[in-house]
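Mapped onto this note's numbering, the consecutive letters of the sequence shown carry residue numbers 466 to 859.
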Amino acid sequence: MNPLLEQEYMNKIKECKEKAKKYYNSGAYGKASEEYLNCSKYCEILVKKTEDEAKKKEYYNAFEKFVDASVKLKKMKTVVGSETKRAREETETEEGFESYIRENLMHRNNETLPSWADIGGLEKTKNTIKESIVLAYARTPERVEIEGWRNILLFGPPGTGKTLLAAATAQGLDAAFLNVKAGQVLSKYYGESPKIVNALFDVARAESPAVIFFDEIDSIALSRGAEIDEATRRVLSSLLTELDGLSGTEKFVLFLASTNTPWDIDDAVISRFEKRIYVPLPDEDARRCILRIQLENKGFVFDDYDWLVEKTAGYSGRDIKVLCKEGVYNMVRELNPGVADLADAGLDEIKRFEIKTRNVDRGDFENAFVRMKPASTGDMVKQYMEWNDMFGAL
Ligand SMILES: Nc1ncnc2c1ncn2[C@@H]1O[C@H](COP(=O)(O)OP(=O)(O)O)[C@@H](O)[C@H]1O
Ligand SMILES: [Mg+2]
């Protein structure tokens with residue numbers, strides 16, 4: 466039997482058992498009996514599907530125990546009022562997760578999301594994502610099967626536009642954008658996080674078309690051997706189950722995950738991703754695009770791009786953004802001395818003041834370069850390229 470499937474059943478048993486215990490403690494014996502019955506059903510499936518004789522026996526013993534417990538509890542008198550209270554609490558937490566996701570992790574207003582045009586370079590990457598979408602969801606001639614990719618892993622140094630790509634994908638499709646930092650959700654709902662993963666996909670299906678962006682997936686998918694606790698393991702297993710379900714659905718749900726440390730991720734998880742796309746540091750052309758996005762598109766005139774392109778070798782998109790901001794600030798500070806004093810003059814006075822500007826020049830950046838060093842080193846880049854050679858698929 467597939468070990469992941471087996472694990473999934475074990476998790477279900479554990480979940481039902483926990484529920485049964487809670488019901489039992491609150492006096493809702495009828496409900497507890499039902500949950501034990503569910504446990505026994507899962508055991509029965511395991512007995513049938515397992516080939517290993519020793520395990521078969523183990524599952525059978527568990528099956529008998531759950532049936533016994535269920536029968537005994539069924540005969541006990543329920544404490545008045547307890548059932549409805551419990552049942553209400555259960556649905557309330559599920560709805561609670563969904564509304565948490567809708568309110569905190571979902572963007573529906575796509576006008577505020579970045580678009581493809583806001584991304585400099587990465588033409589091949591953009592193309593692959595667009596292609597996958599079309600192939601996964603376009604109609605095919607009768608009896609022809611073309612499978613696109615519904616889950617994609619983006620990996621590369623920090624600040625290279627992974628989040629940007631995911632957001633632009635949602636923007637381009639006018640899809641709901643569900644932006645989840647894996648670690649954040651894990652720690653906020655520790656112990657209950659497998660349910661929040663299910664809720665996430667439920668919301669995505671309900672809101673379809675939807676793009677789920679699962680950032681920092683390494684925080685839950687560490688390779689075997691690394692210490693991971695039971696709760697994390699359960700989140701991962703429900704994530705994998707949901708991913709398996711994606712290819713079968715008519716609903717448009719695209720799953721994009723990202724990581725800065727792909728080598729830390731469990732092989733089984735890596736292999737689940739149909740596409741693994743390297744998002745590298747920007748090359749010359751890409752840097753030129755990003756610089757124009759940060760300067761020209763924001764209304765600043767600068768005529769020495771060649772120089773700046775050369776000076777920013779090794780910088781990520783985010784590094785370039787910070788650098789440009791510094792450069793512009795230097796220019797603004799020079800032309801508007803004493804601007805800080807205005808803060809004491811009140812908001813009206815501030816609003817009346819118009820900031821003076823001029824063309825940006827090399828001198829504005831000299832200072833910024835002293836303070837700003839690129840976040841990624843050559844050694845790190847080498848590591849990404851090696852990993853890409855082994856596992857990448859563009
Ligand atoms: N290719 C790019 N084109 C334009 N801006 C970029 C690019 N890469 C990064 N940036 C800038 O850096 C910021 C951080 O990028 P982000 O997508 O969050 O990086 P990552 O998710 O890879 O860490 C973006 O908001 C954007 O301003
Ligand atoms: Mg990011």
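Every residue gets a Cβ at the ideal spot worked out from N, C-alpha and C, and that includes glycine.
With the rule of 3 Cβ pairs closer than 8 Å, the region 666 to 681 counts as touching the region 631 to 643. Distance from the C-beta of T628 to the nearest heavy atom of ligand 2 is below 6 Å. Taking G626 as the centre and dropping the five residues before and after it, the same chain places the C-beta of I584, L587, V744 and G782 closer than 7 Å to its C-beta, in chain order. Burial check for T724: the Cβ neighbour count within 10 Å reaches 16 or more, so the residue is buried. As the crow flies, the alpha-carbon of M845 is around 21 Å from that of V787. For ligand 1, no non-hydrogen atom lies closer than 6 Å to the CB of R752.
The C-alpha of L719 lies about 23 Å from the C-alpha of T697. Its chain contains N575 and P674 as the residues whose beta carbon lies nearer than 8 Å to that of D639, once the 5 sequence neighbours on both sides are disregarded; these appear in chain order. Relative to ligand 1, even the nearest heavy atom lies 6 Å or more away from the CB of K522.
Taking a C-beta distance under 7 Å as the contact criterion, A669 and F562 do not qualify as a contact pair. Taking the Cα of M850 as reference, the smallest distance to any Cα among P727, Y524 and Y655 is reached at P727. Put simply, of K790, N795 and L756 the residue whose alpha carbon is nearest the alpha carbon of K776 is L756. Taking the CA atoms as reference points, R615 sits about 10 Å from G710. The three-state reading of DSSP puts A493 in coil, since its state is none of H, G, I, E or B. The C-beta distance from P839 to Y780 rounds to 5 Å, short enough to fall under 8 Å. Going by DSSP, R608 is part of no alpha helix (DSSP H) at all; its letter is neither H nor E. Taking 8 Å as the upper bound for CB-CB distance, K716 and S597 are not in contact here, some 16 Å apart. For I598, the enclosing alpha helix (DSSP H) stretches over residues E588 to Y602. Across the set L619, L773, F765 and K539, the C-alpha of F765 shows the shortest separation from the C-alpha of K821. Ranked by Cα distance from S505, the options F834, M475, E560 and I617 are led by M475. Assignment of beta-bridge partners to I742 by DSSP yields L619. By DSSP's assignment, F720 forms a beta bridge with N616 and I677.
Remark: the shortest separation between the CB of G585 and any heavy atom of ligand 1 falls under 6 Å.
Residues of the same chain with a CB within less than 6 Å of the CB of D829, apart from the 5 flanking positions on each side, are G792, N795 and M796 in chain order. Take D667, set aside five residues on each side of it, and the residues of its chain with a beta-carbon closer than 7 Å to its own are E563, in chain order.
Scanning its chain for C-beta atoms nearer than 7 Å, with the 5 sequence neighbours on each side dropped, one finds no residue around E610.
Each of E500, D748 and S841 was checked against the Cα of K479, and the nearest Cα belongs to E500.
Around A527, the same chain offers C508 as residues with beta carbons nearer than 7 Å, after the five sequence neighbours per side are excluded. The DSSP-derived three-state label of F666 is helix. Within the region 731 to 813, the runs of beta strand (DSSP E) at least 3 residues long that lie entirely inside it are, in chain order, 740 to 743. Relative to R737, the option among K540, I758, E707 and E814 whose CA is nearest is E707.
Straight-line measurement puts the Cα of R817 at about 10 Å from the Cα of G811. Bridge pairing for M571: L643 [DSSP].
For the 7 Å CB-CB criterion, V662 and L704 form a contact. Taking C-alpha positions only, I510 is separated from Y655 by approximately 29 Å.
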